[in-house]
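Residue numbers (our numbering), protein chains in the order written: chain G, 1 to 279; chain Z, 1001 to 1363; chain F, 2001 to 2302.
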Amino acid sequence: MKRRSPFLFTMLGFGFAFFYIPILSMIVYSFNASRLATVWGGFSTKWYGSLMSNGQVGKALWLSLEIAVISSTCATIFGTMAGIALARFTKFRGRTLFSGLVTAPLIMPEVITGISSLIFFILMAQYVGWPAARGFTTVTLAHITFSMVFVTTIVQSRMLSADRAIEEAAMDLGSRPWQVMKDITLPVISPAILSGWLLAFTISMDDVVITNFTTGPGTTTLPILIWSKVKLGVTPDINALATLIVLAVGVCVLAAGVAMNRAEIKRERDRRMAYRANE
Amino acid sequence: MTEPLVRIEGVSKSFGTFQAVKNVSLEVAKGEIFSLLGGSGCGKTTLLRMLAGFEAPTVGKIFIDGVDMSAVPPWERPVHMMFQSYALFPHMSVEKNVGYGLKHEKMSAAERQDRVRQMLDLVQLTPFATRKPHQISGGQRQRVALARALARQPKLLLLDEPLAALDKKLREHTQFELMSIQERTGVTFIVVTHDQEEAMTLSDRIAVMDQGVVRQIGKPGAVYEFPNSRFVANFLGSINAWEAKVVSIGEVITVDVPALGQQVQARFIQGLAVGQTVTLALRPEKITIHRSPVEGVNVIAGEVKDLAYFGKDSLYRIALPSGQLVSVHAVNANRGAEEDRLADWYDKVWLTYPPASAILLVE
Amino acid sequence: MGRWFHRRGWSDIIIGAPYVWLLVFFLIPFLIVVAMSFATRTSTAPPFGYGGENPLFNLAGYARLFTDALYIRAFVTSLINAAVAMVLCLAVGYPMALGLTRVEKGWRNILLMLVILPFWTSFLLRVYAWMGLMGANSWFNRLISGAWNWLVPQAWAVTSVPLMHTNFAVVLVMVYTYLPFMILPLYANLERLDPTLDEAAMDLGSRPFAVFRDVTLPQSIPGIIAGGMLVFIPAAGELVIPTLVGDSSSPMIGRVISDEFASARDWPMASSVAVALLILMVGPMMVYSHFEARAQTKEKSE
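Structural data, given as structure tokens:
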């Protein structure tokens, strides 16, 4: 039985209004002809035009994508290894420290991660000579470090919920441990690895604070570009840029949602098939 | 007996301070269906996992076909296992699952395909070859697991609670199927189960385990009819058990049972002395109910206290003058109209049993 | 099974690679910050001295934390802002999460996606969206100042409500950006609850509110704690929101760390403040979550 409570439904309505009114308002004002961002001066698409002709934005977007692809791929490799290690190897030297290292970046305030990475890179440049200057490399290294632990969390929980007997079964049927990993473990956890990669990618694309600390002159990612403009106030061209980003992300999330829904429908059909096979 | 296929020699296994298996020694012959029977936590699964190679014995040795298995990893043992959860690979089709173990065999693709087809035929799953595990029923999954474990023609097949996940009707049917497949393939089976009926129907021999120790090994009939301890008697079927004192020893043994308030006779066993305290064990189905007084030995008078009707048979609980209750199992041979019942609530009845059916237990 | 995995060297790689990475790029930088908090500020480059003519444990930074009102105020402001944001998130998020569990299945997936959608869009842009709303000339500001003027006597009338650059704005935007972090764990928790327990309580004579108080609420405490931590921890160390919409005369601690570091170039002081932030606010939560995670792993492996 489902109880319908008017209070809960009002709160849901209020909550979603709270979520979406600011975003909708931002989208509407991106079509504002007036240069004053908060005063309506008629409909216009000129800010989109000026955005397109602004090469800075395209360059920043491309740089962000490059960093995000590299860092999320590395983060997925290391994060998956750590997730498997924590889920499968219950006893090894330094496990407590390791599991601490894997949770700490999740809850460490970004400012602290940011300044500690910055100090580290400055001292590295001074005493080791690598990375010589702050920029692409340092930003990527920092992104790998703080996004890999998100991958670890996802992979680890998938590993813990998987039936360990299937790995034993493969071993029992003649596979060596590395073959078990390749044939069984990795394919079974591959959805978790994929969502880990997506999360790491999003985190990297979205990061301001840590990037701001670890970047150097000439390395301006999209969030850093927006950050430097937004600090000066609300401008209509940022509204236009924000609208494009929100729409792009919205379309992706929507597509993912539809795909997941389809998969669920298929699973339901399979269940019915299994049920019929029973008779 | 020739060299046994499996020889377990003084094997113990500890996890930290917990001793899961304590000094177990047993042998399993080629072609046998051997059951490890016991409640949860009795060590039967640990023993099975040691045979598969997933756990190493803390003490003792395991030989399979005469070879010491201590240094042999699971993937090199001539042993395959059917897991309780079936452990089918969720991302592979039925035929890929069945063929997985053959990847490690030196055989051509055609031979491999042949073997897979043969296995699917054996378990009657050919029409489902391309389905994924979540697209078939529980009973079919069980058969895939069986086919997969048999595909590499192991010398020994380990089955961990093979029927536990199936519903009652399917279980009975599958039991016979398992037996016929074992007969056709000739592979030795070691079955772990907590279900005594399953163990009795399937097995050539049973080992009853309790708290890491093997309490008794024998043919199902022998273990059931001649249990060596109160634990085994209780675990396999139900039993009436009373403390008794040996009065005289002859062709049969006469004991005095305070709970019954009289002396009764039991089957002769070796090694008892007059005056010794033993347990008199009597299975409910060995007792006959009479509506009128009878002459002879082993006659116990009482009153029907409770009656449970199961259909094909009924369970009576008879109260004795001492207040003790005796369970009696009787087949309902007559059509079940109420007046045809053997006895009814509060009827006075007389119970008898042949002396040979009563067992005396020292443990 | 573990023993066969352990025998092979490749397991060392699986453990070793991420371990070494985190040691080098996370633990060492963190230890440097801890060491830095005991260093002395100098006019060299890099701007600190440690050992040699400087004391090994210079506690001047920590001493200033207790004597300089700036730091104490920053800590108090952060604590209050984060706590208020957490409570407001709970007040709005709990009914929403509970409401989500009561919606029919088809709709529920759509609404859940709508909760997650802002989470995937840029954090910075979500803060920015509020900057547009809170400005003195914005339609939103005119709407609420109009409502205010209509409610109160003429003498208190205002032309606009001061929203931007206040602590209120910081809390409001924190609630806005962190609300999904509260709703999602709460929803996950509430969705797992057995609905027959509610029915049993009702059957035993409880009215809906009593059912909520006696059955639902106690069982959802783990969700409340998880959501609360996910909001409180990042809120306490928040840098972006106070920088964009906050009152620069009463900065939050994240901003103080950043300013000490970048503008004042006082690395030791920035490090002291960072270590203090960890010890005071994040440390207790880290310890809690460590034990929580360990208890969960143990439960699952058993």
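Note that CB positions come from ideal geometry on N, CA and C, so glycine has one too.
Source: prediction; values computed, not measured.
By the neighbour-count criterion, in which a residue is buried when 16 or more other Cβ atoms sit within 10 angstroms of its Cβ, residue 1206 of chain Z is buried. In the DSSP assignment, the residues bridged to residue 2041 of chain F are F:2048.
Its Cα nearest to that of residue 12 of chain G, the residue F:2112 stands out among F:2076, F:2018, F:2112.
Using a CB distance cut-off of 8 Å, residue 224 of chain G does not count as an interface residue toward chain Z.
Residues of the same chain with a CB within less than 8 Å of the CB of residue 1290 of chain Z, apart from the 5 flanking positions on each side, are 1349, 1350, 1351, 1352 in chain order. Legend: CB atoms of the region 164-186 of chain G lying less than 9 Å from CB atoms of chain Z belong to residues 164, 165, 166, 167, 168, 169, 170, 171, 172, 173, 174, 175, 176, 177, 179, 180, 183, 184. Only those residues of the region 28-57 of chain G whose C-beta falls short of 7 Å from the nearest C-beta of chain F are listed: 29, 37, 38, 39.
Two segments are said to touch when three or more pairs of C-beta atoms, one from each, lie closer than 8 Å; by this definition the region 1095-1115 of chain Z touches the region 173-191 of chain G. Here the alpha carbon of residue 1141 of chain Z sits roughly 13 Å from the alpha carbon of residue 1126 of chain Z. Around the beta carbon of residue 1013 of chain Z, 16 or more other beta carbons lie within 10 angstroms, which makes this residue buried. Residue contact check for residue 2071 of chain F against chain G: no CB pair falls below 8 Å. Interface flag for residue 130 of chain G against chain F is unset, since no Cβ pair is found closer than 8 Å.
Contact fails between the region 119-138 of chain G and the region 43-55 of chain G, because fewer than three Cβ pairs, one in each stretch, are under 8 Å apart. DSSP assignment within the region 42-77 of chain G yields the following whole alpha helix (DSSP H) runs of 4 residues or more, N-terminal first: 46-52.
Around the C-beta of residue 260 of chain G, fewer than 16 other C-beta atoms lie within 10 Å, and the residue is accordingly described as exposed.
Taking C-beta atoms as the reference points, residue 2250 of chain F and residue 2073 of chain F count as a pair closer than 8 Å.
Annotation: the continuous beta strand (DSSP E) that includes residue 1330 of chain Z extends over 1325-1331.
When DSSP states are grouped into helix, strand and coil, residue 259 of chain G belongs to the helix group. About 19 Å separates the CB atoms of residue 2245 of chain F and residue 2087 of chain F; that is not less than 8 Å, and the two are not in contact. At a C-beta separation below 9 Å, residue 1248 of chain Z has no neighbours in chain G, since its nearest C-beta there lies roughly 57 Å away. Residue 2146 of chain F has a beta carbon lying at 8 Å or more from every beta carbon in chain G. The region 78-96 of chain G makes contact with the region 2012-2022 of chain F; the number of CB pairs closer than 8 Å reaches 3 or more. Any Cβ of chain F closer than 8 Å to the Cβ of residue 116 of chain G would place that residue at the interface, and such an atom is present. In chain Z, no part has a C-beta under 7 Å from the C-beta of residue 155 of chain G; the shortest such distance is about 16 Å.
Judged by DSSP in its simplified three-state form, residue 1082 of chain Z adopts strand. Residue 1240 of chain Z is bridged by DSSP to Z:1282.
Closer than 8 Å to the CB of residue 1100 of chain Z there is at least one CB belonging to chain G. Judged by DSSP in its simplified three-state form, residue 1309 of chain Z adopts strand. Boundaries of the alpha helix (DSSP H) harbouring residue 96 of chain G: 95-107, taken from the DSSP string. Contact check between the region 1105-1122 of chain Z and the region 1049-1068 of chain Z: fewer than three CB pairs, one atom from each, fall below 8 Å, which does not count as touching. Under DSSP, the beta-bridge partners assigned to residue 1290 of chain Z are Z:1350. Within the same chain, 114, 224, 227 come within 8 Å of residue 212 of chain G by CB-CB distance, once the 5 residues on both sides are set aside. For residue 2200 of chain F, the nearest beta carbon of chain G is not closer than 8 Å to its own beta carbon. The beta-carbon separation of residue 2081 of chain F and residue 2235 of chain F, rounded to 7 Å, stays under the 8 Å limit for a contact. Any Cβ of chain G closer than 8 Å to the Cβ of residue 2096 of chain F would place that residue at the interface, and such an atom is present. Taking the Cα positions, residue 2176 of chain F is about 46 Å away from residue 2055 of chain F.
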